[in-house]
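S.K.: Counting with my numbering, you get residues 1 to 137 for the letters of the sequence shown. Take a look at this one; I'll ask things after.
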Amino acid sequence: MKRPYRIVVAKPGLDGHDRGAKTISRALRDHGFEVIYTGLHQTPEQIAETALQEDVDGVGLSLLSGAHLTLFPRVMDELRARDMDHVLIFGGGVIPDADAAALKQQGVSEIFGPGSSLKTIAEWLEVALDNREKATT
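Below, the structure written as structure tokens:
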């Protein structure tokens with residue numbers, strides 16, 4: 001990692017289970033990322049505005065409520081509305097494989113399900129952001 005990448009970790013919607021989001025936030029910090037955790041019950045607009053204000057490289061969405069096919073695309077729409085198409089979107093939670101594939105087709109870079117290794121997630125994110133940065137320079 002050339003520089004500390006900035007990541008927003010967010011819990012969109014009414015999902016009140018935040019252990020995974022807090023765990024990944026800590027793991028990413030330990031790996032060298034700068035992490036901004038937004039807390040529970042964030043709207044897509046709030047998440048995108050935080051990403052804009054914090055000038056982030058990536059947004060991680062954690063969702064267990066089943067509303068991922070609605071909320072992930074809304075967050076991406078809000079980011080696009082703020083000219084933040086360059087921000088890498090990744091997610092986690094209990095998301096069926098077919099839904100994960102649909103989200104990837106819509107622009108989500110990766111979905112990490114239950115049991116995903118924290119080290120694997122951090123290393124994937126570092127490589128993905130390094131590759132994205134190389135492609136723009």
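Virtual Cβ for every residue (Gly too), placed ideally from N, Cα, C.
Hey, could you find the ends of the beta strand (DSSP E) V108 is sitting in?
M.R.: Neither: V108 is in no beta strand (DSSP E) and is coded neither H nor E.
S.K.: Can you list, in chain order, the residues of its chain whose CB lies under 6 Å from that of F112, leaving out five sequence neighbours each side?
M.R.: Cβ neighbours of F112 beyond the five flanking positions: G92 and I121.
S.K.: In angstroms with no decimal places, state the Cα-to-Cα distance between E179 and W124.
M.R.: The chain is shown from 1 up to 137; residue 179 falls before or after that span and cannot be answered.
S.K.: Please report the straight-line C-alpha distance between H86 and R80, rounded to a whole angstrom.
M.R.: Each residue's alpha carbon lies about 9 Å from the other.
S.K.: With a cut-off of 8 Å on the beta carbons, I'd call L129 and G58 a contact; round off their distance for me.
M.R.: With a Cβ gap of about 6 Å, L129 and G58 count as contacting.
S.K.: For a quick check, are the C-beta atoms of L64 and P12 less than 7 Å apart?
M.R.: Their beta carbons are not under 7 Å apart, which means L64 does not touch P12 by this criterion.
S.K.: Measuring straight from C-alpha to C-alpha, what distance separates Y5 and L52?
M.R.: Going by the C-alpha atoms only, they are around 14 Å apart.
S.K.: Determine the DSSP secondary structure at S116, reduced to helix, strand or coil.
M.R.: In this structure, S116 counts as coil in the three-state DSSP scheme.
S.K.: Return the chain-ordered list of same chain residues with a C-beta closer than 6 Å to the C-beta of P73, the five sequence neighbours on each side being excluded.
M.R.: Around P73: Q106.
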